[in-house]
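Residue numbers (the working numbering): 10 to 271.
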């Protein structure tokens, strides 16, 4: 796959708030079948606790690319079942990932409580997701401008990368593509959302491009990280641990600057 942007920067309204561009009609075949299977899994396992299911990401925005995009979902519940991911969530993700592997790179399930709805979930429901089952909560949530309120990845990214490298050293598997995607988006957050002219995108190419424009010497590494994030089969000879360590080093420098966009 050619490395190129798939989306632009997210639109804002006249008051500067992010415009949610996710739509149910954007979910076209074959993605609609994968989404229906994910919703069925939530309904089967969560039953009366389930309030709503949301679709997030490129599929919801109509920019899905077969073999590159994954299916990102979110369930809002009255009560989060203890250990749900270990008991059934991981198995469902793996089964659906295998079932739809011809076009989908992975299925992500999330379960969050209605009260209190986590900050990252509020951001997604309001600005990045479309309700595909149940009660839509978006109208009850305040609007969001690009800026500190849109930061999702940066605060926890260094700890995630350190844990992942420790797991690799212990011979365990990690989801390299997801970690690299989170790293690129975290870098964008540090440079742009904390900068003087904040704007928002989840497009990985735009995020990586923003980073290598600021750090030209890192462009070859960032292009390799981007290629692997989009298609892990393109990793070539790159050591996963070294890819994660490179992201960790760059992000540590950004975060140490406190306001790296200045």
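Note that the Cβ used here is the ideal one computed from N, Cα and C, for glycine as well.
DSSP places residue 88 outside both helix and strand once states are collapsed to three, so it counts as coil. Take the alpha-carbon of residue 212 and the one of residue 27: they are about 15 Å apart. Counted as a single uninterrupted DSSP element, the alpha helix (DSSP H) harbouring residue 259 occupies residues 249-265. A Cβ-Cβ contact shorter than 8 Å links residue 105 with residue 46.
Burial check for residue 217: the Cβ neighbour count within 10 Å reaches 16 or more, so the residue is buried.
Three or more Cβ pairs closer than 8 Å define a contact, and the stretch 53-64 meets that threshold against the stretch 138-148. With the rule of 3 Cβ pairs closer than 8 Å, the stretch 111-131 counts as touching the stretch 67-84.
As computed with DSSP, residue 142 is found in a beta bridge with 62.
By the Cβ criterion, the stretch 93-110 is not in contact with the stretch 122-138, since fewer than three pairs of Cβ atoms, one from each stretch, lie closer than 8 Å. Taking C-beta atoms under 8 Å as the contact rule, residue 238 and residue 193 qualify, at a distance of about 6 Å.
Judged by their CB atoms, residue 36 and residue 77 are not nearer to each other than the 8 Å cut-off. Spatial neighbours of residue 140 in its own chain (CB-CB distance under 6 Å, excluding positions within 5 residues in sequence) are listed in chain order as 61, 63. Residue ranges of uninterrupted alpha helix (DSSP H) with 4 or more members, entirely inside the stretch 116-198 and ordered along the chain, are 128-136, 163-178, 185-197. Taking all protein chains in view, the Cβ of residue 23 is surrounded by fewer than 16 other Cβ atoms within 10 Å, so the residue is classified as exposed. Look at the beta carbons and you see the stretch 202-210 not touching the stretch 176-184: under three pairs across the two are nearer than 8 Å.
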